[in-house]
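S.K.: Attaching a single structure in structure tokens format; questions to follow.
Numbering (UniProt numbering), first residue to last: 1 to 712.
Here it is, written out as structure tokens:
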């Protein structure tokens with residue numbers, strides 16, 4: 001009898017909870033969304049006039065703007081109040097799979113083992129090192145938990161150790177605008193020198209004299225990386241010498257040191273063109289020499305070994321790149337000699353150089369390959385990979401003299417591993433396998449596959465898929481389709497323990513490898529940019545149609561997700577095929593393309609003319625306007641939408657999604673959900689803490705799970 005009463009009590013409690021959630025949800029339906037004021041601004045170009053009613057939002061200091069963003073946040077919070085407990089459940093679930101007291105695989109450099117570790121209950125990494133042996137006493141370099149105290153956002157990057165191991169330069173950002181302050185720490189005394197170098201990329205490199213530091217500054221308005229400075233310890237940053245100024249506004253510049261340690265290298269690059277300058281690291285007072293003058297459309301990168309440079313380039317129409325070689329004293333283009341020829345069907349992505357071996361990273365039919373070769377030509381072979389849904393590539397390989405290649409490998413349904421491969425004996429050692437805590441994960445419970453959809457122009461578009469083995473493939477299952485498709489960036493089929501929260505609730509997850517990325521080589525990218533950009537959008541839609549046709553899902557259960565340029569993708573597809581998707585997640589979306597690309601004061605604009613086109617030219621203006629999500633909002637029904645942004649975003653300014661949501665509210669004819677969620681303390685990457693970011697993912701997942709009736 002006692003047992004029966006207990007069961008009845010549990011049922012009653014569940015009924016009460018379900019009723020409360022239902023009531024909360026019904027109450028939320030009566031909440032009125034914010035209505036943004038309209039202040040028409042006339043924008044004219046090439047004789048074409050656009051009226052932008054929400055142009056006024058582009059001032060983050062304006063109280064009216066802040067009030068609107070806060071009103072949208074309040075609306076979002078009230079409308080999703082019924083899922084707050086579920087969001088917390090998701091957060092705890094995702095966090096519970098992650099090993100809190102975790103550490104990286106140590107790597108050795110100049111007699112020290114370097115380690116990054118996390119402590120239980122803390123959000124940020126701790127950087128340390130041990131001299132010669134892993135059994136030696138730990139030497140603390142940086143505890144980011146202490147450094148982050150008092151800041152809503154914190155990020156440390158660009159840690160660079162001086163050649164004599166006594167100094168470390170590092171960059172910190174506490175605003176989330178990617179404007180880093182560089183400082184130097186004395187690793188003997190622990191003192192952080194007071195001099196602060198402001199508005200940098202955070203990265204810096206030491207000359208071999210252990211006192212001269214080269215770093216990159218940003219333009220304070222556009223945030224373009226445009227100047228390389230030289231800093232000498234013991235002087236103030238006001239005395240720093242400008243050694244290079246990249247005056248072309250379509251280029252960014254950067255500085256690094258070759259793996260051989262012989263050269264300091266200044267690089268300049270636009271989307272389509274590269275140029276480098278080199279300086280012997282033993283001579284920091286010397287003059288940088290141009291490696292090979294820039295030629296429009298010629299991209300190259302350089303690696304140094306012995307008396308030669310190895311040049312990865314698309315010279316001579318090598319669309320998928322080839323590797324060339326030139327003597328360090330004769331580096332201009334006319335002296336380059338072919339070392340690895342161009343292949344029409346294989347993309348040459350990178351080369352890793354060791355004293356006895358070199359390792360080439362390739363992509364063949366979308367799949368990663370690593371080819372290991374001896375310099376003397378006596379041996380050459382590929383690492384064997386069997387799956388069609390995996391990610392593999394070189395990891396940290398700073399040691400020039402080693403015979404061990406460190407690489408990473410994971411399949412879409414299996415956690416990543418860090419592997420040390422002895423290139424001489426051809427044996428491998430798994431140094432670390434990602435742990436998925438909680439006791440519920442079993443890789444055999446998940447199925448992965450690669451499918452191919454036929455695009456409307458006949459091209460075959462690959463799709464990487466993962467789902468729980470018990471998920472039915474009969475058209476009733478919810479499916480989240482992810483895409484990016486810009487800048488040649490490839491979204492590989494990586495493993496995610498966070499994603500399990502969807503898969504275990506019956507979701508299928510699909511990555512659409514659309515044009516605009518380089519999954520199928522460089523031509524795949526070229527066919528999804530500039531005046532071919534719409535291929536990116538139609539590929540994504542055609543993948544969706546295919547997944548519906550083969551009964552993996554239906555339009556009532558299909559969801560789309562993308563961020564940044566992938567947010568542009570989301571905006572385009574809902575204008576083109578709004579009824580295809582039940583819900584859409586657009587994270588920090590780039591949606592006001594025409595206005596942004598006409599404003600050369602905005603970060604990234606001028607450097608991206610080769611990606612989107614320059615709308616100051618009418619042909620590109622007309623084409624961009626024809627797909628720009630903000631310019632093509634119409635009076636029609638749109639899917640349920642969750643849109644996120646960050647007030648301090650330096651990549652996609654917050655006002656783009658804010659304006660877009662305001663315009664969608666004005667025009668849409670449906671009663672579907674439309675949320676704008678602004679992180680008032682963060683930028684493009686969202687929250688900075690290790691676990692704080694999971695709360696943002698929990699909100700995204702709760703949104704689509706709630707639409708599926710699974711948020712209980």
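Backbone N, C-alpha and C define an ideal beta-carbon position, used for all residues, glycine too.
Bear in mind the structure is a predicted one, so any value in this text is a computation, not a measurement.
Just tell me which of 253, 397 and 368 has its CA closest to the CA of residue 383.
M.R.: Answer by Cα proximity: 368.
S.K.: Per DSSP, what kind of secondary structure is residue 587 in: helix, strand or coil?
M.R.: Strand at residue 587.
S.K.: From 338, 304, 404 and 488, pick the residue whose C-alpha is nearest to that of residue 349; which is it?
M.R.: Among 338, 304, 404 and 488, the Cα nearest to that of residue 349 belongs to 488.
S.K.: Which residue comes first and which comes last in the alpha helix (DSSP H) that contains residue 502?
M.R.: Its alpha helix (DSSP H) spans residues 500-503.
S.K.: Inspect the beta-carbon positions of residue 677 and residue 643 and report whether they are closer than 9 Å.
M.R.: In this structure, residue 643 lies closer than 9 Å to residue 677 by Cβ.
S.K.: Relative to the C-alpha of residue 143, which residue among 119, 277 and 460 is closest?
M.R.: Selected option, being the one with the closest Cα: 119.
S.K.: Any beta carbon from chain C within less than 9 Å of residue 572's own beta carbon?
M.R.: Protein chains in the displayed structure number just one, and chain C is not present.
S.K.: May I have the straight-line CA-CA distance separating residue 715 from residue 229, to the nearest angstrom?
M.R.: Because the chain in this structure spans residues 1 to 712, residue 715 falls outside the shown range and cannot be described.
S.K.: Spell out the partners DSSP gives residue 170 in its beta bridges.
M.R.: Note: residue 170 sits in a beta bridge opposite 183.
S.K.: What separation, rounded to the nearest whole angstrom, lies between the Cα atoms of residue 441 and residue 317?
M.R.: Between residue 441 and residue 317, the C-alpha separation is close to 48 Å.
S.K.: Counting pairs of beta carbons, one from the segment 193-201 and one from the segment 228-247, are three or more of them closer than 8 Å?
M.R.: Contact holds: three or more Cβ-Cβ distances are below 8 Å.
S.K.: Reducing DSSP to helix, strand and coil, say where residue 34 ends up.
M.R.: In the structure shown, residue 34 sits in coil (DSSP, three-state: anything other than H, G, I, E or B).
S.K.: From residue 243 to residue 273, what does the alpha carbon distance come to, in whole angstroms?
M.R.: Roughly 21 Å separates the two Cα atoms.
S.K.: Does the separation of the CB atoms of residue 555 and residue 580 fall below 9 Å?
M.R.: Cβ distance < 9 Å, so residue 555 and residue 580 count as in contact.
S.K.: Hey, quick one: how far does the alpha helix (DSSP H) through residue 64 stretch, first residue to last?
M.R.: Taken as a continuous stretch (DSSP letters only), the alpha helix (DSSP H) holding residue 64 covers 63-79.
S.K.: Among 478, 589 and 324, which one has its Cα closest to the Cα of residue 465?
M.R.: Checking every option, the nearest Cα to that of residue 465 belongs to 478.
S.K.: Give a yes or no on contact between the segment 349-361 and the segment 389-405, applying the rule of three or more CB pairs nearer than 8 Å.
M.R.: Touching, yes.
S.K.: Okay, do the segment 291-310 and the segment 214-224 touch, 3+ Cβ pairs below 8 Å being the bar?
M.R.: No, the segment 291-310 does not touch the segment 214-224.
S.K.: Which residue or residues does DSSP assign as beta-bridge partners of residue 380?
M.R.: Answer is 373, bridged to residue 380.
S.K.: Just mark residue 733 as buried or exposed, buried being the case when its beta carbon has 16 or more other beta carbons within 10 Å.
M.R.: Because residue 733 is not part of the residues shown, which for the chain are 1 to 712, the question remains open.
S.K.: Determine contact between the segment 204-215 and the segment 258-267, defined as no fewer than three beta-carbon pairs at a distance below 8 Å.
M.R.: Contact holds: three or more Cβ-Cβ distances are below 8 Å.
S.K.: Provide the residue(s) that pair with residue 157 in DSSP beta bridges, ordered along the chain.
M.R.: DSSP output for residue 157 lists 171 as bridge partner(s).
S.K.: Among 491, 663, 666 and 557, which one has its Cα closest to the Cα of residue 708?
M.R.: Ranking the options by Cα distance to residue 708, first place goes to 557.
S.K.: So, for residue 606: in the same chain, excluding its five sequence neighbours on each side, which residues have a beta-carbon less than 8 Å away from its beta-carbon?
M.R.: Excluding sequence neighbours, residue 606 sits near 222, 224, 249, 250 and 600.
S.K.: Nearest CA to the CA of residue 53: which residue from 45, 35, 70 and 47?
M.R.: When each option's Cα is compared against that of residue 53, the closest is 35.
S.K.: Give me, in chain order, the residues of the same chain whose beta-carbon lies closer than 6 Å to that of residue 50; leave out the 5 immediate sequence neighbours on both sides.
M.R.: Counting only Cβ-Cβ distances below 6 Å, and skipping sequence neighbours, we find 43.
S.K.: Ends of the beta strand (DSSP E) at residue 48?
M.R.: That run of the beta strand (DSSP E) goes 48-52.
S.K.: On the three-state DSSP scale, how would you describe residue 451?
M.R.: Here residue 451 sits in strand by DSSP.
S.K.: According to DSSP, simplified to helix, strand and coil, what is residue 639?
M.R.: Here residue 639 sits in coil by DSSP.
S.K.: Beta-carbon within less than 6 Å of residue 513's beta-carbon, same chain only, minus the 5 sequence neighbours each way: which residues are those?
M.R.: Taken in chain order, the residues that qualify are 462 and 519.
S.K.: With distances taken from CA atoms, which of 663, 343, 117 and 260 is nearest residue 39?
M.R.: Nearest of 663, 343, 117 and 260 to residue 39, Cα basis: 663.
S.K.: What separation, rounded to the nearest whole angstrom, lies between the Cα atoms of residue 209 and residue 444?
M.R.: So the alpha carbons of these two residues sit roughly 55 Å apart.
S.K.: Determine the closest residue to residue 628 out of 123, 635, 589 and 666, with distance taken between C-alpha atoms.
M.R.: It is 589 whose Cα lies nearest to the Cα of residue 628.
S.K.: For the alpha helix (DSSP H) holding residue 196, just list the boundary residues, first then last.
M.R.: Neither: residue 196 is in no alpha helix (DSSP H) and is coded neither H nor E.
S.K.: Any chance you could list the beta strand (DSSP E) runs of at least 3 consecutive residues sitting entirely within the segment 246-296, in chain order?
M.R.: Here the runs fully enclosed are 252-257, 263-269 and 274-280.
S.K.: Which residues in the same chain have their Cβ closer than 8 Å to the Cβ of residue 179, if we skip the five residues on either side of it in sequence?
M.R.: 173, 198, 199, 200, 218, 223 and 650, listed in sequence order.
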